[in-house]
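Q: Heads up, the sequence shown is in my numbering, so the first residue is 1 and it goes up one at a time. For glycine and all other residues, C-beta sits at the position ideal for the given N, C-alpha and C. Note that the structure is a prediction, hence the values are computed from the model and not measured.
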Amino acid sequence: MDSVQKATQTQLENIQKKTSKNLPELKKLAEQSGLQKHGQIRKFMSEKFDLGYGDANVIASYVLNPDDPSFADPQKLDVDQLIAKIYTGPKEKFFDLHTRLMQQMDTFGDFTISPKKNNVSLRRRRQFVLIGPATNNRFEVGLNLKQTIEDERLKPQPKGNMCNYIVVVNSDSDIDAQLIDWMRMAYEEAE
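1) Could you give the DSSP three-state label for P230: helix, strand or coil?
2) In the DSSP assignment, find the unbroken beta strand (DSSP E) run with L122 in it and report its ends.
3) Just to confirm my understanding: we take G227, look at its own chain, exclude 5 residues before and 5 after, and list those with CB closer than 8 Å. What are they?
4) For a test of the three-state rule: what should DSSP assign to G132, helix, strand or coil?
5) Apply the 10 Å Cβ neighbour rule to Q75 and answer buried if 16 or more other Cβ atoms are within range, or exposed otherwise.
6) If you follow the beta strand (DSSP E) that S114 is part of, which residue opens it and which one closes it?
7) Starting from F139, trace the alpha helix (DSSP H) both ways and give me its first and last residue.
8) Going by beta carbon distance, what residues of the same chain come within less than 6 Å of F139, once the five residues before and after it are set aside?
9) Assign D55 to one of two classes, buried (16 or more other C-beta atoms within 10 Å of its C-beta) or exposed (fewer than that).
10) From Q32 to K155, what distance separates their C-alpha atoms?
11) In whole angstroms, what separates the C-alpha of S16 from that of S173?
12) According to the neighbour-count rule (16 or more other Cβ atoms, all chains shown, within 10 Å of its Cβ), is I166 buried or exposed?
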């Protein structure tokens with residue numbers, strides 16, 4: 001669990017202590033009130049339970065969007081399980097590439113690992129690398145580099161994409177010193 005998830009979980013536990021109710025019970029209470037707008041629910045919870053703005057805001061967010069992953073039980077948000085889901089079926093063959101890349105990046109320093117549906121985002125202040133299978137037959141490393149680099153392996157991406165460069169990784173031999181240097185550069189620029 002990363003620091004943001006820990007902070008959210010602590011806040012949710014504190015809300016439960018202050019209100020003596022869990023989030024589903026608070027949601028039911030809000031629904032019974034008939035209030036439907038975020039600000040109305042926040043004000044209602046703040047007044048009813050003498051909560052601060054932040055805690056009441058979290059409850060209102062939950063009431064309107066209970067499926068948001070930030071409200072899930074941290075046991076259900078196990079990063080390794082979410083990553084394993086990406087590498088199933090025909091994409092399972094790419095898991096070793098993922099593991100090798102992560103071992104290299106673990107030497108860089110602190111960053112947050114955010115599994116998505118089809119890939120894994122690595123973030124500091126902003127995303128610096130995106131890794132995962134692009135298709136059943138192609139594994140990619142997306143890089144966010146501030147500088148323009150000319151290299152046939154670096155495929156520039158259109159403005160607005162998740163990354164500004166893509167590197168196709170077909171085998172262990174593609175995870176070389178050059179790729180690791182680009183990843184480190186992206187890591188350092190993301191601070």
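A: In short:
1) Outside the displayed span of the chain (1 to 191) sits residue 230, for which this structure offers no information.
2) By one-based count along the sequence shown, residue 122 stands at place 122. Note, L122: beta strand (DSSP E), 120-123.
3) Residue 227 falls outside the range modelled here, since the chain spans only 1 to 191, and no answer is possible.
4) Position 132 of the sequence shown, counting from 1, holds the residue named residue 132. In this structure, G132 counts as strand in the three-state DSSP scheme.
5) The residue labelled residue 75 in the question sits at position 75 within the sequence shown. Its pLDDT being 49, under 50, Q75 is placed unreliably by the model, and nothing is read from it.
6) Position 114 of the sequence shown, counting from 1, holds the residue named residue 114. Residues 112-115.
7) Taking the first residue of the sequence shown as 1, we reach residue 139 at position 139. Per DSSP, F139 belongs to no alpha helix (DSSP H); it is in the beta strand (DSSP E), 139-143.
8) The count along the sequence shown starts at 1 and reaches residue 139 at position 139. Cβ neighbours of F139 beyond the five flanking positions: F94, L97, P133, V169.
9) In the sequence shown, counting from the first residue as 1, residue 55 sits at position 55. By the neighbour-count rule (16 or more Cβ atoms within 10 Å), D55 is buried.
10) Working through the sequence shown from its first residue, we reach residue 32 at position 32. Working through the sequence shown from its first residue, we reach residue 155 at position 155. In a straight line, the C-alpha of Q32 is about 54 Å away from that of K155.
11) Here residue 16 corresponds to residue number 16 of the sequence shown, with the count starting at 1. Here residue 173 corresponds to residue number 173 of the sequence shown, with the count starting at 1. One detail in the question is off: residue 16 reads as Gln in this sequence, not Ser. Cα to Cα, Q16 sits roughly 51 Å from S173.
12) Along the sequence shown, read from residue 1 onward, the residue named residue 166 stands at position 166. Counting Cβ neighbours within 10 Å, I166 comes out buried, since at least 16 surround it.
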